[in-house]
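A.B. asks: In UniProt numbering, the protein residues as written are 1 to 148. Sharing a structure with you now.
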Amino acid sequence: MRRLALLLFAGIAAACGEPTAEVQAEVNRWALQFGLDPILLSAVVWVESRYCPQAVGAAGEIGLAQVKPVVARTYGLPEDILWNPANNLAVAARYLRDLYFRFGDWYRALAAYNRGPTRVTENGVDAEGHAYATKVLSVYWYWKGGKP
Numbered sequence: 001m002r003r004l005a006l007l008l009f010a011g012i013a014a015a016c017g018e019p020t021a022e023v024q025a026e027v028n029r030w031a032l033q034f035g036l037d038p039i040l041l042s043a044v045v046w047v048e049s050r051y052c053p054q055a056v057g058a059a060g061e062i063g064l065a066q067v068k069p070v071v072a073r074t075y076g077l078p079e080d081i082l083w084n085p086a087n088n089l090a091v092a093a094r095y096l097r098d099l100y101f102r103f104g105d106w107y108r109a110l111a112a113y114n115r116g117p118t119r120v121t122e123n124g125v126d127a128e129g130h131a132y133a134t135k136v137l138s139v140y141w142y143w144k145g146g147k148p
């Protein structure tokens, strides 16, 4: 039994850290569908889960992009769809696009993705939101090969 558990853990761990070709294709598909740069969506996924589709956050966030169930429900979707990597990426891309339209820049949109749009609207970007947005944008610009 212990050996089986180790093998299962090894399989899950191997699935994390680097995107499979299938996951990267879904990142590209959904980013482009919602008008995002695929590298930005990739940066969000990297920061959120290190490409681990089984990731679960401390506040109940699910999957590759660590989408909160309330976000799925906001779009009229059942939260269990978030366990499917393609669906998780689709909801995340749509939410990021909507946050960008609401806040007008990626810094505040990313902070809102992390901290919640109401908090950012009412209180501005706090230290945690700043750290998150800065981290995602740093990964983004590193992967783009340039500076903001």
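Note that beta-carbon positions come from the ideal geometry of N, C-alpha and C, so glycine has one too.
Going by CA-CA distance only, name the one from Glu61, Tyr132 and Pro117 that's closest to Trp83.
C.D. replies: Glu61
A.B. asks: Do three or more CB pairs link the stretch 131-145 to the stretch 37-47 at distances below 8 Å?
C.D. replies: By the criterion of at least three beta-carbon pairs nearer than 8 Å, the stretch 131-145 is in contact with the stretch 37-47.
A.B. asks: So is the beta-carbon of Gly35 under 7 Å away from any non-hydrogen atom of the ligand NAP?
C.D. replies: Looking at this structure, you won't find the ligand NAP or any other ligand, since it has none at all.
A.B. asks: For Ile62, which residues does DSSP report across the bridge?
C.D. replies: Val56 and Val67
A.B. asks: Which residue comes first and which comes last in the alpha helix (DSSP H) that contains Trp83?
C.D. replies: Counted as a single uninterrupted DSSP element, the stretch harbouring Trp83 is not any alpha helix (DSSP H), since DSSP gives it neither H nor E.
A.B. asks: Going straight from the alpha carbon of Ala114 to that of Tyr132, what length do you get?
C.D. replies: Note that residue 114 corresponds to Asn in the displayed sequence, not to Ala. Cα to Cα, Asn114 sits roughly 7 Å from Tyr132.
A.B. asks: Keeping to the same chain, check which residues put their C-beta closer than 6 Å to that of Glu48; ignore five residues upstream and five downstream.
C.D. replies: Ala65 and Gln66
A.B. asks: Since Val23 is in the alpha helix (DSSP H), which residue starts that stretch and which ends it?
C.D. replies: Val23 -> alpha helix (DSSP H) spans Ala21 to Gln33.
A.B. asks: Under 8 Å by Cβ, that's how I've got Leu36 and Arg97 pegged, so tell me the actual separation to the nearest angstrom.
C.D. replies: 6 Å
A.B. asks: Reducing DSSP to helix, strand and coil, say where Leu137 ends up.
C.D. replies: If DSSP states are grouped into helix, strand and coil, Leu137 belongs with the helices.
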